[in-house]
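A short write-up of the structure that comes next.
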Amino acid sequence: MMFHCLPYEQLNSRQQENFNFQKVAARLADYGFNSMRLSDDFHGADFIAMHADGETLLRVQLKGRLCFDAKYYGKGLHIAFRDGDDIYVYSHDELRQRLIEEGYAEKSTSKAWVDKGSRSWPRIPNKLRPILNEYRL
Numbered sequence: 001m002m003f004h005c006l007p008y009e010q011l012n013s014r015q016q017e018n019f020n021f022q023k024v025a026a027r028l029a030d031y032g033f034n035s036m037r038l039s040d041d042f043h044g045a046d047f048i049a050m051h052a053d054g055e056t057l058l059r060v061q062l063k064g065r066l067c068f069d070a071k072y073y074g075k076g077l078h079i080a081f082r083d084g085d086d087i088y089v090y091s092h093d094e095l096r097q098r099l100i101e102e103g104y105a106e107k108s109t110s111k112a113w114v115d116k117g118s119r120s121w122p123r124i125p126n127k128l129r130p131i132l133n134e135y136r137l
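Each residue of the sequence shown is one higher than the one before, counting from 1 in my numbering.
This is the structure we're talking about:
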C-alpha cells in the first residue's frame with residue numbers, strides 16, 4: 001500500500017507546522033470555515049479562515065501550545081493549537097483579559113506573565129482546562 005501513517009515526531013519543524021495547519025483547517029471546515037495559508041506572517045497571522053456566512057474572518061496564528069505573547073496584543077488575532085486530537089481556537093486578547101480578570105496573572109509565578117502578559121505552557125494546566133474547554137473544537 002502506498003499510504004502509511006508517519007509519526008508526527010519524525011517530521012521536521014516545518015513539516016510539523018504544515019501538519020498542524022492541515023489538522024486545524026480540517027476541523028475549522030467542520031464549522032463552516034475555509035482556511036487559506038499565508039506565505040508570510042501577515043500582521044501576525046499564519047492563515048486566515050473565512051466563514052461560509054461571508055462575514056466572519058479569523059486571522060489565525062498557529063502555535064504548538066497554549067500561549068500569549070505581547071507582540072500579538074491588539075492585532076485581532078486568534079490562536080490555534082493542537083493538544084492531542086483536540087484543537088483549540090481562541091481570541092488572543094479576549095482570553096488573556098479573561099485570565100487576568102479571573103486572577104490567573106496574580107497566581108502565576110512566571111515573571112514574563114506578571115510583567116508583560118506573555119506566557120506559554122507545554123501542557124494545558126488543569127486549572128485552565130475548564131476555561132479552555134470553551135474554545136475546543
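All C-beta atoms in this analysis are idealised placements derived from N, C-alpha and C, irrespective of residue type, glycine included. Remember, predicted model here, so these are calculated numbers, not experimental data.
Worksheet item: Which value, in whole angstroms, describes the spacing of the CA atoms of P130 and L99?
Response: 12 Å
Worksheet item: The beta strand (DSSP E) spanning R82 covers which residue range?
Response: 77 to 83
Worksheet item: Start and end of the alpha helix (DSSP H) containing Q22?
Response: Per DSSP, Q22 belongs to the alpha helix (DSSP H) from 13 to 30.
Item to complete: Tell me where the alpha helix (DSSP H) around H92 begins and ends.
Response: 92 to 101
Worksheet item: Would R123 be called buried (16 or more neighbouring beta carbons within 10 Å of its own) or exposed?
Response: With fewer than 16 neighbouring CB atoms inside 10 Å of its own CB, R123 falls in the exposed class.
Practice prompt. Just the C-alpha distance for L58 and H78, rounded to the nearest angstrom, thanks.
Written response: 7 Å
Worksheet item: Terminal residues of the continuous beta strand (DSSP E) containing L57?
Response: That run of the beta strand (DSSP E) goes 57 to 63.
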